[in-house]
Every structure is written in structure tokens, then in C-alpha cells.
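Trainee: Numbering follows numbering that gives the first Met the number 0, in which position 221 of the sequence shown is assigned residue number 220; successive positions increment by one, without gaps.
Don't be surprised by glycine CBs; every beta carbon is placed ideally from N, CA and C.
Can you read through this structure? Questions will come right after.
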Amino acid sequence: MHRPAWAEISSSALAHNIAVVRELLGPTQVCAVVKANGYGHGAVLAARAMIAGGADCLAVAIIDEGIELRGAGITAPILLLSEIPEGTIRAALEADLTLTVGSLEGARAAANAASQLAGVYRVHLKIDTGMRRQGVGPREALRAARILNDCASLELEGVFTHFSVADGPSSEDRAFTARQVDLFNRVREELRQHGIDPPSVHLANSAGVLGHPASHATLARPGLVLYGYLPSPGLAGVLADRGVALRPALALRAQVVATRRGEAGDRPSYGRRRELTASSTIATVPFGYADGYPRRLFDAGAHVLINGRRYSLAGMVTMDQLLINCGDDDVRVGDDVVLLGVSGDESISAEDWADWGQTVTWEILCGIGARVPRVLVE
Numbered sequence: 000m001h002r003p004a005w006a007e008i009s010s011s012a013l014a015h016n017i018a019v020v021r022e023l024l025g026p027t028q029v030c031a032v033v034k035a036n037g038y039g040h041g042a043v044l045a046a047r048a049m050i051a052g053g054a055d056c057l058a059v060a061i062i063d064e065g066i067e068l069r070g071a072g073i074t075a076p077i078l079l080l081s082e083i084p085e086g087t088i089r090a091a092l093e094a095d096l097t098l099t100v101g102s103l104e105g106a107r108a109a110a111n112a113a114s115q116l117a118g119v120y121r122v123h124l125k126i127d128t129g130m131r132r133q134g135v136g137p138r139e140a141l142r143a144a145r146i147l148n149d150c151a152s153l154e155l156e157g158v159f160t161h162f163s164v165a166d167g168p169s170s171e172d173r174a175f176t177a178r179q180v181d182l183f184n185r186v187r188e189e190l191r192q193h194g195i196d197p198p199s200v201h202l203a204n205s206a207g208v209l210g211h212p213a214s215h216a217t218l219a220r221p222g223l224v225l226y227g228y229l230p231s232p233g234l235a236g237v238l239a240d241r242g243v244a245l246r247p248a249l250a251l252r253a254q255v256v257a258t259r260r261g262e263a264g265d266r267p268s269y270g271r272r273r274e275l276t277a278s279s280t281i282a283t284v285p286f287g288y289a290d291g292y293p294r295r296l297f298d299a300g301a302h303v304l305i306n307g308r309r310y311s312l313a314g315m316v317t318m319d320q321l322l323i324n325c326g327d328d329d330v331r332v333g334d335d336v337v338l339l340g341v342s343g344d345e346s347i348s349a350e351d352w353a354d355w356g357q358t359v360t361w362e363i364l365c366g367i368g369a370r371v372p373r374v375l376v377e
């Protein structure tokens, strides 16, 4: 690394989180979701750690993510979570990626592409039970399943759906999720009555794993929970009741690269947004919004940790750097900075960033820039 700013990814934390999920799921298999660059943790690094930690298979959102993992030598089954354009199906099959089909047109396209190649290729059928994003409607599920099942070049390995409010705390949210489960099970029963019974059945995302045991089926697709975060605070009790806790797997670290003395009345950084109320040491940290530190955290009163102490931002976040108000403390070039993680008795989590930025934890993690090196640690 040539720039003192990096992300540390704990393989032991990932393995721990997989073990927690396995305890909740029992015999249900784990499909670790590593899309969006492994939720910002680094796709290849996260995928390898997930498999080593006990995941049975992997899932990605787009074909290029799957091809990247295959190029890194990862041989575990990889499921594409959404239907892909017809012109890319051949490339997906040649990369040994498991297709998802979510429409009649997609079923025909998958059957046609597979029939032009040697071998038999795995495919999963996605049922839309209320998300209204992708997936074949319940009334068309049997027709789509027959197209896939009747193709000698395809193995209809799985059938699944996706929840929209499984992390919601309200009775309405829970009732809607229960209706999704019920509708999905009715579609499955219709398929079985016509002799179609794929062995891999999956509904549960992270929230389903934690809060909806009826959705566990034969496979689950946890994402956020594997990286150490809850989909919603209301699900914390599920883990507390079992005496277990998740461990965030990612820490963002840097070092101070410059210090300047600012006088009372100075207004550091672009826009001169914040006035120093007293003479203060301003520390420059080489991490900015191009690295995933949102500008909106400035107005929200965000902090960083330097040498185990908490400090606020002295000025607006810039593309490559942060300016930190260290008061009269003795902060020097090379001192340790923690943007996410633990320093001494203090800690800052991705949930803190999400609260400050009025967004969700997923966006914070996935927003960590590609130029931030990911380093695997134990």
C-alpha cells in the first residue's frame, strides 16, 4: 500500500457470523451473498473467507461479479440472483454460474442458450410474491417451470422468492411476510402436483434467517448478517435470547498525514462551513468521499477516532481527505486513525454512519471505494 488508508477484513469475524447463522438455521444450507464487492468487503476476499468459514455456496447480483470470482479460482456454486439479458446467458453458463429465471421469456431464452451448449446447466426459478422487482408471477410459475424442466440441457435445481419487509417491526410487515411465505408455498405445491419439485428451496434473506423461521426451507441467502450487522434493531433479541452476537468484519483505518495549527475564527476546507471556536490542531486524514466517506456526515456531526480518542470534523469532507479538529491534543503525523471500528475504549460502527447519514447500513458498506485496499486479518 502506498497510501496510509485501508480496510481490514476479519476472517475470524466472518466465520463467527456464519456459525451464528448456522445455529439459527439448523440443517438449512447457507448461500452467502457476496454481491456489490462483497458488501464492500472485497468480493474475492469475502467469497474465499465465506467458503472457508462454512458457507455452502455463494450468490451475486450480476454476471460480471460471478465471472470475477471464477477468475480468482473460486469453484463453489455461484447463483445469479436475478435474470440476466438473453445475450449474456451463454457467457454465464460457460462460467458455470447458476442462472435465475424470473419470466416466461427468460425461461425460453435459458432453454435455448443451454440447448446450444454441451452439458447440463443449473437454473433456479424466482417467484414474485410481492416484491414487484423481478420474478415470474404465481400464475405463470408452472408454465415457466415446465419450460425449464422439459429442457434436457437444464436442471431446475431451485425455486425461490425474495422478501420486501422481513426486517420490518410492525404487525403489518410481519403479516405481509407471512403472506409471501404462504403464497410461495402454494406455488411450490402446484409445482409438486405436476411432478416438479426442485431440491433447493430458499426464501430467507438476513431478516428471514433472524425473524421468520417458517422461511428457512432447504437453503437461506443471508447477506448483511454475515458481515456482522443486523437488518433492523428489532431483531437483536433473537440473538440475545441465544446468548450470541454478531461481529462486524470490517474496519476502516488510516494514519494522520499532516497537521496544521488553526486559529480561532479560521474556517477549514471547502465552503468554509465551520468556524474554529479556539486555536486548534487540524489533522489531515487521507480518506474522502471518493473512498466512501459521505459528505453528509459532516453536517450530521460525525466523529473519527485518533489514538483512542473521539474527534469531530473541522471542515467539509473532500474527495481524498478529511480535516479533523484535534483541539490542543498532541496529534502527530503517523498517528493511528479509525474511521470504522474500535480504538481504545471507543468505537464507530457502520450503523453509526448510517444514523448520521440518514441511510441504511447496506449503503454505507457498499459505498466503500474500490481504491481502498482490503487486507485480510485474523
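Residue range of the beta strand (DSSP E) that Ala162 falls in?
Mentor: The sequence shown places Phe at residue 162, not Ala. Unbroken run through Phe162: none, as it is neither H nor E.
Trainee: Please state if the CB of Leu304 and the CB of Val337 are separated by a distance shorter than 9 Å.
Mentor: Cβ distance < 9 Å, so Val337 and Leu304 count as in contact.
Trainee: Compare the Cα-Cα distances from Thr128 to each of Leu182, Leu141, Arg309 and report the closest residue.
Mentor: Minimum Cα distance to Thr128 is reached at Leu182.
Trainee: Just list the residues that DSSP pairs Gly261 with in beta bridges.
Mentor: Ser279, per the DSSP bridge assignment.
Trainee: Write down the C-beta distance between Glu82 and Thr97 rounded to the nearest angstrom, noting that I regard them as a contact closer than 8 Å.
Mentor: About 12 Å separates the two Cβ atoms, so there is no contact after all.
Trainee: Taking Leu339 as part of the alpha helix (DSSP H), name the residues at either end of that continuous run.
Mentor: Looking at the DSSP string, Leu339 is not in any alpha helix (DSSP H); the run it does join, the beta strand (DSSP E), is 335-342.
Trainee: Indicate whether Pro247 and Val186 have their beta-carbon atoms separated by less than 9 Å.
Mentor: No, they are not a contact pair.
Trainee: Compute the Euclidean distance between the alpha carbons of Ala165 and Pro221, then round it to the nearest angstrom.
Mentor: Cα to Cα, Ala165 sits roughly 12 Å from Pro221.
Trainee: What residue does the alpha helix (DSSP H) around Val19 start on, and which one ends it?
Mentor: Looking at the DSSP string, the run of the alpha helix (DSSP H) that includes Val19 is 10-24.
Trainee: Helix, strand or coil for Arg138 per DSSP?
Mentor: Three-state DSSP puts Arg138 in a helix.
Trainee: Tell me which residues share the same chain as Glu262 and place their Cβ nearer than 8 Å to its Cβ, disregarding the 5 neighbours each side in the sequence.
Mentor: Leu275, Ser278, listed in sequence order.
Trainee: Does the beta-carbon distance from Arg107 to Ile146 come in below 9 Å?
Mentor: Against a cut-off of 9 Å, the Cβ pair of Ile146 and Arg107 comes out as a contact.
Trainee: To the nearest angstrom, how far is the alpha carbon of Leu238 from that of Leu209?
Mentor: Rounded to whole angstroms, Leu238 to Leu209 spans 8 Å at the Cα level.
Trainee: Quick one, are the C-beta atoms of Ala75 and Leu103 less than 9 Å apart?
Mentor: Their beta carbons are not under 9 Å apart, which means Ala75 does not touch Leu103 by this criterion.
Trainee: Indicate whether Val284 and Trp5 have their beta-carbon atoms separated by less than 9 Å.
Mentor: Not in contact: Val284 and Trp5 (Cβ atoms no closer than 9 Å).
Trainee: Using DSSP bridges, identify the partner residues of Thr97.
Mentor: DSSP, once it has assigned bridges, lists Leu78 as partnering Thr97.
Trainee: By the three-class DSSP mapping on this structure, what secondary structure does Arg266 have?
Mentor: The answer is coil: DSSP assigns Arg266 none of H, G, I, E or B.
Trainee: Taking DSSP as the reference, what is the three-state secondary structure of Val376?
Mentor: Correct three-state label for Val376: strand.
Trainee: How far does the alpha helix (DSSP H) with Tyr310 in it extend, from its first residue to its last?
Mentor: From DSSP, Tyr310 is part of no alpha helix (DSSP H) but of the beta strand (DSSP E) over 308-312.
Trainee: Which residue's Cα is closest to the Cα of Ala35: Val374, Ile363, Glu377?
Mentor: For Ala35, the nearest C-alpha among the options comes from Ile363.
Trainee: For Ala18 and Ser11, I'd like the C-alpha separation in whole angstroms.
Mentor: Cα to Cα, Ala18 sits roughly 10 Å from Ser11.
Trainee: Would DSSP call Val29 helix, strand or coil?
Mentor: Here Val29 sits in strand by DSSP.
Trainee: Does the segment 284-295 touch the segment 222-234, meaning 3 or more C-beta pairs lie closer than 8 Å?
Mentor: Output reads no: the segment 284-295 does not touch the segment 222-234.
Trainee: For the segment 96-129, list the beta strand (DSSP E) runs that are entirely contained and at least 3 residues long, ordered along the chain.
Mentor: Those beta strand (DSSP E) runs which fall completely within the segment 96-129 and span 3+ residues are 98-100, 120-125.
Trainee: Relative to the alpha-carbon of Cys30, which residue among Gln192, Gly314, His215, Arg271 has its alpha-carbon at the smallest distance?
Mentor: Cys30 has its Cα closest to that of His215, out of Gln192, Gly314, His215, Arg271.
Trainee: Can you check DSSP and say which residues form a bridge with His302?
Mentor: DSSP lists Ser311 as partners of His302.
Trainee: Would you call the CB atoms of Ala42 and Glu64 closer than 9 Å?
Mentor: Taking 9 Å as the Cβ cut-off, Ala42 and Glu64 qualify as a contacting pair.
Trainee: Please say whether Val255 and Glu7 have beta carbons closer to each other than 9 Å?
Mentor: Their beta carbons are not under 9 Å apart, which means Glu7 does not touch Val255 by this criterion.
Trainee: Taking the DSSP output, what are the residues bridged to Ala353?
Mentor: In the DSSP output, where bridge partners are listed per residue, Ala353 has none listed.
Trainee: At the level of alpha carbons, what is the spacing between Leu80 and Leu23?
Mentor: Taking the straight line from one Cα to the other gives about 23 Å.
Trainee: Using DSSP with H/G/I as helix, E/B as strand and the rest coil, what is Cys365?
Mentor: Here Cys365 sits in helix by DSSP.
Trainee: Please report how far the alpha carbon of Ala353 lies from the alpha carbon of Ala250, in whole angstroms.
Mentor: Rounded to whole angstroms, Ala353 to Ala250 spans 15 Å at the Cα level.
Trainee: Tell me which same chain residues have a C-beta within less than 6 Å of the C-beta of His15, skipping the five on either side of it?
Mentor: Cβ neighbours of His15 beyond the five flanking positions: Arg246.
Trainee: In whole angstroms, what is the alpha-carbon distance linking Ala110 and Arg47?
Mentor: In a straight line, the C-alpha of Ala110 is about 31 Å away from that of Arg47.
Trainee: Identify whether Gln399 lies in helix, strand or coil by the three-state DSSP scheme.
Mentor: Within the shown structure, residues of the chain are numbered from 0 to 377, placing residue 399 beyond reach of any answer.
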